[in-house]
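To start, the structure under review is shown below, and the notes come after it.
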Ligand SMILES: Nc1ncnc2c1ncn2[C@@H]1O[C@H](COP(=O)(O)OP(=O)(O)O)[C@@H](O)[C@H]1O
Ligand SMILES: [Mg+2]
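Residue numbers (my numbering): 134 to 462.
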């Protein structure tokens with residue numbers, strides 16, 4: 134009987150495509166951490182033709198691309214989104230690991246309100262790692278919010294909040310912390326909302342054990358306005374830190390402004406701004422729960438994702454109930 138295949142120790146793993154030439158096994162020693170990406174070629178992995186830039190975040194650049202293989206088979210919709218590291222970010226030695234983590238986390242998820250992932254690949258010539266995703270057509274939530282300085286109406290708020298919170302609750306149920314809930318990571322696509330960008334995500338305690346864990350503080354990639362105070366102090370993201378970010382986003386949708394102006398949680402905490410929080414005018418109910426989601430102290434942050442979901446699933450309160458809620462908000 135032949136010897137069973139043994140996995141290499143994780144630290145020695147090097148995908149062949151990271152070698153300068155994919156056909157040269159002698160180059161396998163090239164470490165994934167030592168990749169230096171060059172300019173983005175027009176066609177990646179002999180298959181994905183870059184058409185145009187769709188958006189840039191703190192870490193990645195996302196392009197619309199044509200999958201030439203699908204096209205060859207007559208697929209009328211061969212268009213995809215291709216995410217690679219933005220040029221300056223690609224300089225971090227282990228940034229590709231972050232992109233792979235995003236792939237591995239998103240690959241665990243299959244939900245109508247979470248972006249659909251196709252694959253992770255490396256272009257052998259340019260040494261560019263990239264992930265391919267469904268191409269979403271529609272505005273990001275931050276584009277929508279910038280046009281609505283007064284906030285969204287209760288009905289609009291529900292239409293966005295319910296699928297968004299469902300996507301997050303589902304991610305948590307699959308052991309995936311999003312880690313970067315904010316308006317630019319949500320797209321209102323033609324066929325419904327999608328949550329995406331698990332680039333700063335983490336597996337829940339005990340899950341996906343072999344994935345490398347990278348400290349977000351080493352990357353300047355994230356927007357601190359939605360980050361819970363404990364993250365700013367270097368803690369690992371958790372369900373509670375996702376709840377805080379979700380709370381900030383829901384508050385902003387309901388009022389038109391973030392809960393603590395444009396300050397980060399530590400600045401807001403130092404100024405005692407939590408004591409000045411007022412109920413957003415368009416929030417018809419659930420203020421008690423939302424305020425709890427915004428607690429600076431993670432131990433006091435009792436609101437769960439499910440409780441937040443319940444607020445927006447409830448039928449709209451009557452005018453009298455609304456008045457009563459306001460008087461007691
Ligand atoms: N699947 C997609 N389809 C269309 N546009 C996308 C898609 N994914 C991302 N984008 C656009 O690219 C931007 C950056 O993508 P994101 O994954 O958030 O990168 P980063 O990790 O750098 O924040 C988004 O805000 C959005 O405008
Ligand atoms: Mg993003």
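Glycine residues also receive a C-beta, built at the ideal position from the N, C-alpha and C atoms.
Could you check which residue in the options has the C-alpha nearest to that of residue i?
| i | options | result |
| --- | --- | --- |
| residue 247 | 311, 402 and 234 | 311 |
| residue 435 | 403, 377 and 281 | 377 |
| residue 415 | 282, 214 and 227 | 282 |
| residue 273 | 444, 188 and 439 | 188 |
| residue 379 | 240, 422 and 263 | 422 |
| residue 287 | 424, 375, 184 and 389 | 389 |
| residue 447 | 427, 424, 425 and 419 | 419 |
| residue 373 | 408, 441, 182 and 412 | 441 |
| residue 428 | 413, 417 and 361 | 361 |
Whole angstroms is fine: what's the gap from residue i's alpha carbon to residue j's?
| i | j | result |
| --- | --- | --- |
| residue 284 | residue 359 | 17 Å |
| residue 314 | residue 253 | 22 Å |
| residue 410 | residue 336 | 32 Å |
| residue 255 | residue 325 | 30 Å |
| residue 393 | residue 402 | 9 Å |
| residue 203 | residue 317 | 29 Å |
| residue 179 | residue 194 | 19 Å |
| residue 213 | residue 265 | 7 Å |
| residue 321 | residue 275 | 10 Å |
| residue 397 | residue 366 | 12 Å |
| residue 270 | residue 323 | 6 Å |
| residue 257 | residue 233 | 16 Å |
| residue 243 | residue 226 | 31 Å |
| residue 430 | residue 331 | 24 Å |
| residue 291 | residue 176 | 41 Å |
| residue 338 | residue 303 | 16 Å |
| residue 301 | residue 240 | 15 Å |
Reducing DSSP to helix, strand and coil, say where residue i ends up.
| i | result |
| --- | --- |
| residue 438 | helix |
| residue 314 | coil |
| residue 327 | strand |
| residue 422 | helix |
| residue 297 | helix |
| residue 430 | coil |
| residue 380 | helix |
| residue 266 | strand |
| residue 413 | coil |
| residue 302 | helix |
| residue 500 | Residue 500 lies beyond the stretch modelled for the chain, which goes from 134 to 462, so this question has no answer here. |
| residue 387 | helix |
| residue 281 | coil |
| residue 335 | strand |
| residue 157 | A caution first: residue 157 carries a pLDDT of 35, below 50, which makes its placement in the model too unreliable to give a value. |
| residue 406 | helix |
| residue 446 | helix |
On the CB-based measure, 16 or more other CB atoms within 10 Å of its CB, does residue i come out buried or exposed?
| i | result |
| --- | --- |
| residue 219 | buried |
| residue 329 | buried |
| residue 87 | Because the chain spans 134 through 462 in this model, residue 87 falls outside it and cannot be assessed. |
| residue 237 | buried |
| residue 385 | buried |
| residue 343 | exposed |
| residue 133 | Since the first residue shown for the chain is 134 and the last is 462, residue 133 is missing from the structure and cannot be characterised. |
| residue 216 | buried |
| residue 263 | buried |
| residue 207 | exposed |
| residue 172 | exposed |
| residue 445 | buried |
| residue 405 | exposed |
Ligand 4 and residue i: does any heavy atom of the ligand fall closer than 8 Å to the residue's C-beta?
| i | result |
| --- | --- |
| residue 219 | Questions concerning ligand 4 fall outside what the structure shown contains, since the ligands it does hold are ligand 1 and ligand 2. |
Determine whether the Cβ of residue i lies closer than 9 Å to any Cβ atom of chain B.
| i | result |
| --- | --- |
| residue 374 | Annotation note: the requested chain B is absent from the structure, which comprises a single protein chain. |
3-residue-minimum beta strand (DSSP E) runs that sit fully inside the stretch 159 to 234, ordered along the chain: 181 to 189, 193 to 200 and 212 to 218
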